[in-house]
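Below is one structure, written out as structure tokens; comments come after it.
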Amino acid sequence: MDPGEEKRLSVIPISYYLVLSAILFGLGAVGVVFKRNIITILMSIELMLNAVNLAFVAFARAHGQIDGLVFVFFVIVVAAAESAVGLAIVIMLTQNRQSLNVERINLLKF
Amino acid sequence: MSVPFIVFFACAFLAVLGAVLLIFSWEPIHSALSLVLVMMSLAVLYLLLGAEFIAAVQIIVYAGAIMVLFVFVIMLLNAGTEERTDASKLAKLAGVPMGFFLLLLIARWLWTSVVGTTIANGLGARSNAGVSTRELSMVLFQQYLFPFEATSILILVALLGAWILARKND
Amino acid sequence: MVSLVKIAVLLFVVMTALAYLTWFERKVVARIQSRWGPYYVGAHGLLQPLADGVKFLFKEDMTPPTADKFTYTIAPFLALMLALTAIALIPFGSPAIQVLGQPVFMVSNLDIGLLFLFAITSIGVYGVALAGWSSNSKYPLLGGLRSSAQMISYEVSLTLSVVGVLLIAGTLNFNSIISGQSGYYFHFIPRWHVIPQLVGFLCYITAAIAETNRIPFDLPEAETELVAGFHTEYSSFKFAMFFMAEYANMITVSCLATILFFGGWLSPFPDSWEWQLFIPGGGLVLLGMYCAWDTVVNMRGIAQLQFAVVTLLCLVGGAICLMPGVREVIQGPFWFTTKVIAFLFFYVWTRGTLPRFRYDQLMDFGWKLLLPVSLANLVVTSFVMIVPYLRHG
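Residue numbers (this note's numbering), protein chains in the order written: chain A, 1 to 110; chain B, 1 to 170; chain C, 1 to 393.
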């Protein structure tokens with residue numbers, strides 16, 4: 001890396017990234033709680049995972065350890081597996097209940 | 001206002017905008033596109049933090065494969081406009097300001113606490129250069145070899161599960 | 001500052017190359033089918049791309065009333081933007097040739113260049129999928145679904161077939177991959193990666209043709225099958241953007257094939273053979289002489305004037321390339337361009353010759369044949385690479 005680039009990377013305090021991560025996580029949580037479409041809920045979960053990834057990378061940079069980046073790698077892989085299975089379940093649900101509204105999937109409610 | 005700050009604020013703004021659009025969109029396809037916007041801006045933020053391989057993996061795997069899967073399922077299931085919810089007015093009137101105050105509280109704690117100030121400018125023992133792919137792969141394949149192989153089995157299980165769940169039962 | 005000039009020049013060159021690639025394709029396919037191709041507009045049809053461009057601009061731009069307006073509008077922009085961004089990563093010549101301290105023949109020199117190129121390719125699926133969805137009509141939806149499923153299936157094989165090359169080169173940086181291919185076996189066979197990685201190359205070229213939705217893998221946009229697939233409802237300039245994006249993807253994939261497997265801008269002849277410096281200039285002069293003969297003997301009227309201009313350009317270009325200062329500099333781009341044109345010719349040749357796959361045959365081929373072969377290539381390559389280390393313990 002040339003010297004100009006080195007200078008560029010170190011200027012922004014890590015706490016800025018953490019606040020952004022907190023905002024995104026909060027918005028993802030709001031999405032999980034308030035949305036009705038099951039696919040949108042799954043997407044809000046992905047948003048929360050992304051916020052956590054950002055926090056991991058920020059901390060990896062702050063403490064100078066690569067383990068944070070390895071964690072991010074595994075989080076992305078696990079998110080992929082979880083999305084695949086989750087969306088397969090959604091497809092099955094739609095075949096049975098003909099609706100994507102979470103409130104319609106209430107057979108186990110007492 | 002140096003270039004990194006401008007890039008950071010632009011990407012942070014885009015990420016928060018994408019997240020807000022995700023929550024407030026009526027069509028699932030618009031939510032999916034907003035999430036892609038969030039992921040791309042996060043990839044730029046990872047580049048700013050020096051993790052170039054993770055930025056590339058984020059784009060290839062997350063934005064380029066997982067979100068494509070979401071878009072596919074939305075297209076297959078023909079997910080149309082979401083139904084209007086009848087959530088109570090109290091939740092909206094009281095919830096949003098309270099959430100905002102909570103956020104301000106967290107931000108203030110982060111800024112002024114010991115955690116915030118020690119790591120605010122600290123960069124650890126590493127040099128200012130980012131992490132190269134070679135270093136990351138050394139750690140991944142030596143220290144974390146077992147979790148790596150375990151995740152490959154996880155993906156195999158997920159693949160089989162998704163296939164069995166989604167196939168037509170004749 | 002220099003970067004901006006380079007980007008402007010590159011954009012201009014690429015857009016012209018796109019336009020004349022359509023001419024090239026129409027001519028070659030026509031000759032394969034025993035007819036002439038564009039012949040009327042300009043000498044030898046050389047102004048046909050201009051006429052096509054004007055036609056696209058003047059057509060009526062309709063939007064289906066029930067379409068999702070925002071997505072409908074951004075899909076072609078997304079496709080074209082990504083296709084053109086990928087070309088910024090490609091080195092056209094040696095990085096040693098520099099102006100004001102910056103290499104002339106590449107716009108950016110990323111350490112993870114190859115990975116970034118694959119990232120751009122994987123986002124390209126969105127242009128197709130969104131176009132199919134937002135048109136709100138049967139044929140585009142089916143075409144969009146099929147096309148994007150095809151693209152993501154063959155993307156896996158595409159990236160896996162390249163990993164063998166990465167094992168040999170040891171780096172993701174394009175310039176290092178190219179300089180790893182310098183040197184010669186037996187002093188005259190160039191040390192290009194296609195020789196140890198022949199299987200990888202064949203997998204790559206098949207996956208690349210499928211990835212860019214070209215015949216024999218173009219069922220999703222075939223005219224006899226799905227009207228026009230995902231771009232049925234697009235007209236005028238938006239359709240032109242999809243069209244350009246497809247050709248730009250072809251160019252990117254050909255450039256990548258030359259860099260990874262055929263030595264990029266390196267010359268196939270050993271450096272000690274001095275006469276190879278005269279090949280670009282000599283070639284252009286010979287082309288100019290053929291054009292001169294053609295002008296005098298075959299052309300009449302305004303076509304004669306146009307072709308006389310072409311002849312003059314060829315001769316002057318050839319003379320410039322023969323000058324001692326320019327001779328060494330032009331070698332890199334010349335060999336790179338020649339190899340890319342050879343690949344594009346191969347693309348157009350398969351288009352004119354082969355029938356298309358049925359969709360289920362296509363998906364079977366991608367998952368049941370190409371993916372295992374790419375994986376086997378990876379396993380065998382890594383085994384061969386590690387055997388010397390096993391011996392020494």
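The beta-carbon is built from N, C-alpha and C at its ideal position, and this holds for glycine as well. If you're wondering where the values come from, they're calculated on a predicted model, not measured in any experiment.
Contacting residues, own chain, Cβ-Cβ under 6 Å from residue i (five flanking each side not counted)
{"i": "B/F53", "result": "T133 and L136"}
{"i": "B/A125", "result": "Legend: pLDDT at B/A125 = 40, less than 50; position of this residue unreliable, no value from coordinates given."}
{"i": "C/P268", "result": "P190"}
{"i": "C/W23", "result": "Q48 and P49"}
{"i": "C/R26", "result": "G37 and P38"}
{"i": "C/V348", "result": "E25 and V28"}
Whether residue i touches residue j by CB criterion (8 Å)
{"i": "A/R61", "j": "B/L49", "result": "yes"}
{"i": "C/T252", "j": "C/A86", "result": "yes"}
{"i": "C/I168", "j": "C/P91", "result": "no"}
{"i": "B/L22", "j": "B/L42", "result": "no"}
{"i": "A/A81", "j": "B/V61", "result": "no"}
{"i": "C/P140", "j": "C/T232", "result": "yes"}
{"i": "A/L107", "j": "B/A19", "result": "no"}
{"i": "B/I29", "j": "B/I74", "result": "yes"}
{"i": "C/G229", "j": "C/V29", "result": "no"}
{"i": "B/A158", "j": "A/V85", "result": "yes"}
{"i": "C/A119", "j": "C/A245", "result": "no"}
{"i": "A/I12", "j": "B/F8", "result": "yes"}
{"i": "B/A94", "j": "C/I152", "result": "no"}
{"i": "C/Y204", "j": "C/L21", "result": "no"}
{"i": "A/V78", "j": "B/L165", "result": "no"}
{"i": "C/V107", "j": "C/L10", "result": "yes"}
Chain C residues whose Cβ lies nearer than 7 Å to that of residue i
{"i": "B/I60", "result": "F118, A119 and S122"}
{"i": "B/V71", "result": "A129"}
{"i": "B/A56", "result": "I112, L115, F116 and A119"}
Bridge partner(s) assigned by DSSP for residue i
{"i": "A/I45", "result": "Answer by DSSP bridge pairing: none, since A/I45 is not bridged."}
{"i": "C/I189", "result": "C/Y185"}
{"i": "B/V51", "result": "With the sequence shown as reference, residue 51 of chain B is identified as Ala, and Val is not the correct amino acid for it. Beta-bridge pairing links B/A51 to B/V131."}
{"i": "C/V99", "result": "C/Q102"}
{"i": "A/N37", "result": "A/N101"}
Cut-off 7 Å between Cβ atoms - residues of its own chain near residue i, not counting five sequence neighbours on either side
{"i": "A/I14", "result": "A58, R61 and A62"}
{"i": "B/A120", "result": "Unreliable placement is indicated for B/A120, whose pLDDT of 48 sits below 50; no coordinate value is reported for it."}
{"i": "B/Y46", "result": "I54, A55 and Q58"}
{"i": "C/L378", "result": "L160, V163 and G164"}
{"i": "C/W66", "result": "First, the residue type needs correcting, since residue 66 of chain C is Thr and not Trp in the sequence shown. Same-chain partners within the cutoff: N136."}
{"i": "A/A55", "result": "L18 and S21"}
{"i": "C/A75", "result": "G127, L130, A131 and S134"}
{"i": "C/T206", "result": "L370"}
{"i": "C/D271", "result": "none"}
{"i": "C/G263", "result": "I178, Q181, P190 and W192"}
{"i": "C/A308", "result": "T295"}
{"i": "C/I123", "result": "L82"}
{"i": "C/Q276", "result": "S267 and F269"}
{"i": "C/D401", "result": "No answer is possible for residue 401 of chain C: the residues shown for chain C start at 1 and end at 393."}
{"i": "B/L14", "result": "L37 and S41"}
{"i": "A/P3", "result": "Reliability of the predicted coordinates at A/P3 is poor, the pLDDT of 47 falling under 50, and the value obtained from them is presented with this limitation in mind. For A/P3, where only same-chain residues beyond five positions count, there are no Cβ hits under 7 Å."}
Contact list for residue i against chain A, beta-carbon separation under 8 Å
{"i": "B/W109", "result": "Going along chain A, no residue has its Cβ under 8 Å from B/W109, so there is no contact; the nearest lies around 10 Å."}
{"i": "B/I23", "result": "L27, V30, G31, F34, K35 and S44"}
{"i": "B/P97", "result": "In chain order: nothing, as chain A lies at least about 13 Å away."}
Close-in-space but distant-in-sequence residues of the same chain around residue i (CB under 8 Å, 5 per side omitted)
{"i": "C/V165", "result": "I177, H193, Q197, G200, L260 and F261"}
{"i": "B/L123", "result": "Because B/L123 sits at a pLDDT of 46, beneath the cut-off of 50, its placement in the model cannot be relied upon, and the point is left open."}
{"i": "C/L362", "result": "Q150, A210, F217 and L219"}
{"i": "A/E40", "result": "Rather than Glu, the amino acid found at residue 40 of chain A in this sequence is Thr. Contacts found: G31."}
Chain-ordered chain B contacts of residue i [CB-CB under 8 Å]
{"i": "A/A79", "result": "Y62 and I66"}
Listed by chain order, chain F residues near residue i by CB distance under 8 Å
{"i": "C/D111", "result": "The structure shown has no chain F; the protein chains it does contain are A, B and C."}
Residue i: contacting residues in chain C (beta-carbon distance under 8 Å)
{"i": "B/M75", "result": "A129, G132, W133, L141, G144 and L145"}
Contacts that residue i makes with chain A (C-beta to C-beta distance below 7 Å)
{"i": "B/M39", "result": "N50"}
*When Cβ atoms are compared, which residues of the segment 127-145 of chain B fall closer than 8 Å to chain C?*
Correct list: S132 and T133.
(message) Any C-beta of chain B within less than 9 Å: which residues of the segment 122-146 of chain C qualify?
(response) Answer in chain order: S122, I123, G124, V125, Y126, A129, L130, G132, W133, S134, L141, G144 and L145.
Check your understanding: Can you list, in chain order, the residues of the segment 228-260 of chain C whose Cβ is nearer than 8 Å to any Cβ on chain B?
Key -> The residues in question: there are none.
Output needed in chain order: residues of the segment 85-110 of chain A with a Cβ under 7 Å from some Cβ in chain B. Correct list: V85, L87, A88, I89, V90, I91, M92, T94, L100 and N101.
**Prompt:** At a Cβ cut of 9 Å, what residues of the segment 172-186 of chain C count as close to chain B, listed as they run along the chain?
**Reply:** If the cut-off is 9 Å between Cβ atoms, the segment 172-186 of chain C has L172 near chain B.
Original post:
Which residues, in chain order, does the segment 52-75 of chain C contribute to contact with chain B at a C-beta distance below 9 Å?
Top reply: Per Cβ criterion, the list reads D68, F70, T71 and I74.
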